[in-house]
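Below is one structure, written out as structure tokens; comments come after it.
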DNA sequence: GCAAGTTTTTGTACATGTAAGGAAAGTAGC
DNA sequence: GCTACTTTCCTTACATGTACAAAAACTTGC
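Chains as they are written, first to last, in UniProt numbering: chain W, 1 to 222; chain P, 1 to 222.
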């Protein structure tokens with residue numbers, strides 16, 4: 001039985017770099033210098049290879065970012081103590097995911113994946129679906145409820161992050177500011193009424209309030 | 001009083017193209033061949049100019065897309081008959097916006113603007129905020145409520161569109177499919193239970209249900 | 001050892017958005 | 001007319017993601 005040092009049964013040219021090495025190096029670059037500095041060329045030289053070689057371990061840059069998110073989630077998304085009350089369990093599970101994602105704003109492109117499918121996040125999804133069922137929803141409605149929560153959560157982060165990004169890009173008055181400055185109070189009275197507080201109001205973090213409202217609404221008898 | 005043909009009081013070299021022409025031509029390209037075919041070079045040649053000339057009428061490509069969205073909204077977002085009941089008014093206003101945006105899926109990048117600020121959409125925002133106030137919310141809470149609705153709406157579209165985009169890009173089994181195939185029923189029983197229905201379930205259009213739940217939750221006495 | 005087959009790596013090439021600097025085309029003051 | 005100034009436009013150049021084809025480095029069957 002000869003297999004002293006794994007006698008290489010694999011076919012073809014042996015790889016010099018691995019998918020893991022790609023992801024790890026990418027993570028190092030992102031952590032150190034931000035996601036903007038992560039280019040395929042940079043990554044390749046850092047890893048001692050060529051850009052196109054990466055494409056044998058990663059389908060494209062977007063998939064690399066997905067892997068980075070997955071990696072990030074695995075490392076930072078720890079399971080918290082969840083409350084016993086199922087409704088509150090749903091809220092806390094969703095809020096935990098939200099908190100982790102919000103702290104890592106470079107993944108906006110990835111965030112729009114149709115689901116949060118990092119393996120480490122599945123436990124949270126389970127908690128949400130299960131909590132909704134425990135509150136009386138059918139499994140089908142519970143899945144729909146989870147989706148609604150995900151839409152709301154992903155939307156909040158995407159909107160907030162891109163808004164912040166735009167702000168730093170540019171100092172000129174925002175489109176929004178111009179629009180609000182010219183509001184016709186006779187046509188749009190409510191907006192005119194809150195116009196000068198719009199920016200501070202929308203800057204407030206009301207994710208939890210909205211989440212609670214959504215969960216309450218999902219669980220209310222119809 | 002000589003001003004027979006508008007005696008050119010403007011300084012500098014007279015423009016040969018206008019922002020409007022840029023937007024109009026861009027719209028024609030997008031309508032005819034899809035947003036992927038809209039490149040700055042293509043647009044420039046179509047308009048009989050050079051790529052960099054466009055940048056004097058449009059800050060960058062993203063702003064061009066924002067303008068396209070604005071234009072699109074102005075043309076297609078007609079004010080519907082809104083129900084008298086304020087809660088229902090909120091729902092219908094939001095649903096109308098959602099419907100218009102969902103029909104025009106190429107604007108995902110733009111959609112993530114921090115607010116729906118096309119002038120033609122403001123009336124709907126007004127209706128939503130006003131409806132929430134009419135249901136008893138303070139103006140501040142009404143604005144937060146509108147934001148929650150916007151997060152939910154934008155999130156739904158972004159998630160759905162990018163999911164669809166990914167699907168056409170690629171025929172290989174989705175990450176999601178792989179993950180669900182390997183679910184451990186003892187650890188994630190609920191997900192295992194719905195695993196085989198996950199795709200059809202999440203493909204269903206439940207925007208309205210979620211919206212109603214959210215609005216109900218926002219308006220429920222706390 | 002050699003031919004065939006397989007997988008990884010590399011080199012070259014292209015499309016794209018856009019930065020930078022200067023040329024062009026006009027007005028205003030003289 | 002000429003100079004200064006302003007605005008718009010054009011040329012060139014670069015960074016980036018990635019398609020494509022060929023080369024390289026293996027295994028397997030002979």
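All C-beta atoms, glycine included, are put in the ideal place defined by N, C-alpha and C.
At a beta-carbon threshold of 8 Å, the residues of chain W lying near residue 214 of chain P are 148, 152, 210, 213, 214 and 217, ordered along the chain. Residue 56 of chain P carries a coil assignment under DSSP once its states are collapsed to helix, strand and coil.
Contact annotation for residue 158 of chain P against chain W: 112, 154, 155 and 158 [CB-CB distance below 8 Å, chain order]. In the three-state scheme derived from DSSP, where H, G and I count as helix and E and B as strand, residue 208 of chain W is classed as helix. Inter-segment contact for the stretch 47-61 of chain W and the stretch 93-105 of chain W is absent: fewer than three beta-carbon pairs are separated by less than 8 Å. With respect to chain W, the C-beta atom of residue 26 of chain P has no partner C-beta closer than 9 Å. Here DSSP, grouped into helix, strand and coil, assigns residue 78 of chain W to coil. Counted as a single uninterrupted DSSP element, the alpha helix (DSSP H) harbouring residue 191 of chain W occupies residues 189-194. The continuous alpha helix (DSSP H) containing residue 101 of chain W extends over residues 86-102. Residue-level contact check: residue 82 of chain P does not touch chain W, since none of the beta carbons of chain W fall below 9 Å from its beta carbon.
Taken through DSSP and simplified to helix, strand or coil, residue 33 of chain W comes out as helix. Taking 9 Å as the cut-off, the beta carbon of residue 89 of chain W is found closer than this to the beta carbon of residue 131 of chain W. Taking a 10 Å sphere around the C-beta of residue 78 of chain W, we find fewer than 16 other C-beta atoms and assign the residue as exposed. Between the alpha carbons of residue 15 of chain W and residue 49 of chain W lies a distance of about 11 Å. Residue state for residue 137 of chain W is assigned as coil, using DSSP reduced to three classes. Sequence-distant partners of residue 157 of chain W (beyond 5 residues in either direction) whose C-beta falls short of 8 Å from its own C-beta, in its chain, are 98, 101, 102, 105, 108 and 111. Counting only the Cα atoms, residue 134 of chain W lies some 43 Å from residue 120 of chain P. Less than 9 Å separates the beta-carbon of residue 147 of chain P from that of residue 210 of chain W.
Contact with chain P is found for residue 190 of chain W, since one of that chain's Cβ atoms lies less than 9 Å from the residue's Cβ. With respect to the 9 Å criterion, residue 214 of chain W and residue 12 of chain P are not classified as neighbours on the basis of their beta carbons. With respect to residue 124 of chain W, residue 84 of chain W sits apart: the two C-beta atoms are not nearer than 9 Å. The Cβ atoms of residue 208 of chain W and residue 126 of chain P lie no closer than 9 Å to each other.
Within the stretch 131-145 of chain P, those residues whose Cβ lies closer than 7 Å to any Cβ of chain W are, in chain order, 133, 139, 140, 143 and 144. In the displayed model, residue 49 of chain P falls within coil according to three-state DSSP, outside both helix and strand.
Its Cα nearest to that of residue 72 of chain W, the residue W/24 stands out among W/87, W/39, W/33 and W/24. For residue 126 of chain W, the chain P residues whose C-beta falls within less than 7 Å of its own C-beta are 188, 190 and 191, listed in chain order. In the DSSP annotation of this structure, the continuous segment of the alpha helix (DSSP H) that includes residue 203 of chain W starts and ends at 198-203.
When secondary structure is reduced to three states using DSSP, residue 182 of chain P falls in the coil class, being assigned neither helix nor strand. Contact between residue 179 of chain W and residue 190 of chain P fails: their C-beta atoms lie close to 45 Å from each other, not under 8 Å.
The criterion of a C-beta distance shorter than 9 Å is satisfied by residue 67 of chain W and residue 26 of chain W. Under the Cβ criterion of 9 Å, residue 204 of chain P is counted among the residues facing chain W.
Taking every protein chain shown into account, the CB of residue 52 of chain W has fewer than 16 other CB atoms within 10 angstroms, so this residue is exposed. Among the residues of chain W, those whose CB is under 8 Å from the CB of residue 129 of chain P are 190, 191 and 194, following chain order. Rounded to the nearest whole angstrom, the CA to CA distance from residue 195 of chain W to residue 140 of chain P is 11 Å.
C-alpha of residue 44 of chain P to C-alpha of residue 61 of chain P: approximately 12 Å in a straight line.
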